[in-house]
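Residue numbering for the sequence shown follows our numbering, starting at 175 and increasing by one per position. The beta-carbon is built from N, C-alpha and C at its ideal position, and this holds for glycine as well. Here the structure is a predicted model, which means the values were calculated and not measured. Below you'll find the structure, written out as structure tokens, and then a few comments.
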Amino acid sequence: MSYDFLYKIIVLGSVYNGKTSIIDRVVRDKFHTKYQNTIGIDFSSTTREVSEIDKTIKFHLWDTAGGKEWAAVTNVYYKNVGVAIIVMDCTCENAFKDAMEWLKMWNYKKSPDCETAPILITTKIDLVNDRKYDKEQGKEFAKKTGCKYFEVSALTGANTKYLLEKIAIHIWESNGCTSSTGIERNAYLDLRESERRFRNGNYTSYLNCCKMQ
């Protein structure tokens with residue numbers, strides 16, 4: 175499938191927070207009852223039509239290992255991405271403290287010109303009786319830290335069907351049609367559109383930037 179923009183995303187969070195299961199659900203609509211810990215880094219790719227911004231977005235998702243022993247391997251992947259997703263486990267007593275550590279690490283290691291606010295995703299919301307914080311507390315934490323906030327369950331699929339589209343809208347609202355760190359326009363489509371406009375006699379505006387419809 176052709177696309178208008180490529181969005182590169184890094185997924186961060188502690189071991190057992192459910193990073194891989196979220197990616198499996200949103201990319202492949204699958205959930206496995208057993209997962210092995212991510213070793214170093216895993217990569218997934220998918221393409222979605224996002225009607226709200228009238229764009230087709232290709233996503234590159236870098237799933238990082240949560241263990242500190244993999245820090246040297248994953249460090250390079252903090253660069254040249256458009257946004258960071260930090261996964262929080264709602265059944266963990268130290269969820270906010272852990273998220274703060276990941277946020278600090280992201281802000282320290284990211285590319286200097288990446289300005290899109292990080293995204294906090296609370297997972298395992300199906301475990302209602304085991305929650306250590308509710309949705310409002312999660313939203314308040316995200317507000318204080320300047321992050322976008324979502325809640326999902328990879329097990330049941332709750333709130334995952336259009337999660338990537340919502341992430342795309344968040345990135346678009348921060349960057350629009352500007353290519354920057356981790357956000358790349360499809361050069362082939364640009365050239366094809368330019369040629370079409372030129373053939374139709376639109377000599378003055380065929381190189382104009384794309385606009386949100």
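7 Å Cβ cutoff met for residue 188 and residue 272
Residue numbering aside, residue 188 sits at position 14 when the sequence shown is read from its first letter. Residue numbering aside, residue 272 sits at position 98 when the sequence shown is read from its first letter. It is a contact, given that the beta carbons lie within the stated cut-off.
TODO: Find out if the Cβ-Cβ distance for the pair residue 296, residue 325 is shorter than 7 Å.
DONE: In the sequence shown, residue 296 corresponds to position 122, counting from 1. In the sequence shown, residue 325 corresponds to position 151, counting from 1. Yes, the Cβ-Cβ distance between residue 296 and residue 325 is below 7 Å.
Margin query: In this structure, how does DSSP classify residue 192 when only helix, strand and coil are distinguished?
Written below: For the purposes of this step, residue 192 is taken as the residue at position 18 of the sequence shown. Residue 192: coil per DSSP, three-state reduction.
(Q) On the CB-based measure, 16 or more other CB atoms within 10 Å of its CB, does residue 199 come out buried or exposed? (A) In the sequence shown, counting from the first residue as 1, residue 199 sits at position 25. Buried: at least 16 other Cβ atoms inside 10 Å.
Residue 341, enclosing alpha helix (DSSP H) - first and last residue = In the sequence shown, residue 341 corresponds to position 167, counting from 1. Looking at the DSSP string, the run of the alpha helix (DSSP H) that includes residue 341 is 337-349.
Assigned exposure category for residue 377 - 16 Cβ within 10 Å defines buried: The residue labelled residue 377 in the question sits at position 203 within the sequence shown. Unreliable placement is indicated for residue 377, whose pLDDT of 47 sits below 50; the coordinate value is still reported in the next sentence. Burial call: exposed.
Please report how far the alpha carbon of residue 330 lies from the alpha carbon of residue 340, in whole angstroms. Counted from its first residue, the sequence shown places residue 330 at position 156. Counted from its first residue, the sequence shown places residue 340 at position 166. Roughly 19 Å between the two C-alpha positions.
In terms of residue numbering, what span does the alpha helix (DSSP H) encompassing residue 282 cover?
As a first step, residue 282 is located in the sequence shown; it is residue number 108 there, counting from the start. Residue 282 -> alpha helix (DSSP H) spans 269-283.
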